[in-house]
Every structure is written in structure tokens, then in C-alpha cells.
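Chemist: Using the numbering used here, the first residue of the sequence shown is number 15, and each one after it goes up by one.
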Amino acid sequence: MYQKIRNSLIICLVLTGLAACSEEEGISSSSGGTSAGDGGANSAQYAGTYRGTTDVAYTGDGVDGEDSLPTTLVINTDGTVLLTIDGESVGGVISGNQVEVAFTITKSEDGVNCKGDALVRGTVSGNSLTGPVSGDAECKLLLIKRNATLTGSISASKA
């Protein structure tokens with residue numbers, strides 16, 4: 015009898031874990047990045063504040079969802095960058111017109127904890143900044159792990 019109850023509990027936990035990870039979930043925080051740029055004159059011409067969105071999709075191992083998050087990117091004349099996604103800021107660099115920012119995404123909701131590393135590689139052209147977002151994440155429900163791939167894009171215009 016106890017064997018049946020234990021097996022039912024395990025099956026329930028597995029099914030609950032799969033269902034919980036399949037919900038669309040947002041990003042609650044981001045952190046990480048670097049703080050050294052090339053500081054050259056090429057980067058200084060792109061200095062300013064860019065506002066837009068970062069779109070991220072989570073796919074794989076029963077984890078599917080998308081987020082469109084408000085984004086502000088500040089390029090400084092010394093070649094450093096400050097990226098703020100959904101209220102959380104991280105440092106990055108610009109070399110020429112190429113922006114690169116690495117950050118960690120974490121999310122906890124309904125007993126599911128997700129954490130991933132992502133990289134934004136943007137190109138500044140005129141008053142626009144666009145580029146891909148890529149990375150990997152791991153989601154956990156109790157002891158059950160699910161892997162996900164992060165893909166997306168950043169799109170912002172100079173304010």
C-alpha cells in the first residue's frame with residue numbers, strides 16, 4: 015500500500031514539475047557583466063541613452079515561455095555600458111559600435127526556480143541598437159531539473 019502511495023506521489027511531482035515549467039514566466043532579476051570598455055573615440059560617438067525592449071524566449075525540456083522586458087542601455091564616452099532590464103542593472107562594454115553585456119537571469123514562481131546565463135551582443139547603427147540575446151537556463155521544482163535555451167533580441171532607440 016505504501017508503495018502505491020509513494021509511486022503516486024512521485025508521478026504527481028513529475029507531472030506538476032512539467033506543468034509548472036511550461037507556463038510563461040518573467041524575469042525577476044538580472045546581474046553580472048563587465049565594466050571595461052575600449053574607451054576609444056569610435057565608441058564615444060555612440061554615447062547616450064537607448065530605450066526599448068529585450069525579448070527572451072525559453073525553450074526545451076518542457077520549459078516554454080516568452081518575455082518582453084523594458085530595457086534601457088546607457089553608453090558612456092569611456093566605452094562602458096550600463097544595461098537595465100526590468101529594473102535590474104549590469105555593466106558591459108562597447109568596442110567600436112559593438113555592445114556586449116553578459117548577465118544572469120533568475121526567476122522564482124509557483125515553486126519553480128529558474129536561473130540562466132545570457133549574453134546580449136548589440137550593434138549600434140545611427141540612433142538604433144539591435145542584436146541577439148542567447149544563453150542557457152536551468153529550472154528546478156524540488157529535485158527535478160529542466161534545461162532551457164534562451165534566445166531573443168534587443169531593440170532600442172536613442173532617446
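A virtual CB, placed ideally from N, CA and C, is assigned to each residue, including glycine.
Computed from a predicted structure; not experimentally measured.
When the distance is taken between beta carbons, is G106 closer than 8 Å to N56?
Modeler: Not a contact, by the Cβ cut-off of 8 Å.
Chemist: Short check: CB of T137 to CB of K129, under 8 Å?
Modeler: no
Chemist: So, for G53: in the same chain, excluding its five sequence neighbours on each side, which residues have a beta-carbon less than 7 Å away from its beta-carbon?
Modeler: With a pLDDT of only 46 at G53, under 50, the local geometry of the prediction cannot be trusted, and the value read off the model is given with reservation. D92, G93, listed in sequence order.
Chemist: If you count every other CB in all the chains shown that lies within 10 Å of the CB of A173, and 16 or more means buried, which is it?
Modeler: exposed
Chemist: Can you find a C-beta in chain D that's less than 8 Å from the C-beta of T98?
Modeler: Of the chains in the structure shown, none is chain D; there is only one protein chain.
Chemist: DSSP three-state call for N127: helix, strand or coil?
Modeler: Under the three-state reduction of DSSP output, N127 falls in the strand class.
Chemist: Measure how close the beta-carbons of V95 and L83 come, nearest whole angstrom, since I'm counting them as under 8 Å.
Modeler: Actually they are not in contact, since the Cβ atoms of V95 and L83 sit about 17 Å apart, beyond 8 Å.
Chemist: So what does DSSP say about N161, is it helix, strand or coil?
Modeler: strand
Chemist: Beta carbon of G79, beta carbon of Y72: below 8 Å?
Modeler: yes
Chemist: Between Y60, V115, N127, I89, which has its C-alpha nearest I158's C-alpha?
Modeler: The residue among Y60, V115, N127, I89 with its C-alpha nearest the C-alpha of I158 is N127.
Chemist: Would you report the Cα separation of S45 and T85, rounded to the nearest angstrom?
Modeler: Residue placement at S45 cannot be trusted, given a pLDDT of 48 that sits under 50; the coordinates are not used to answer.
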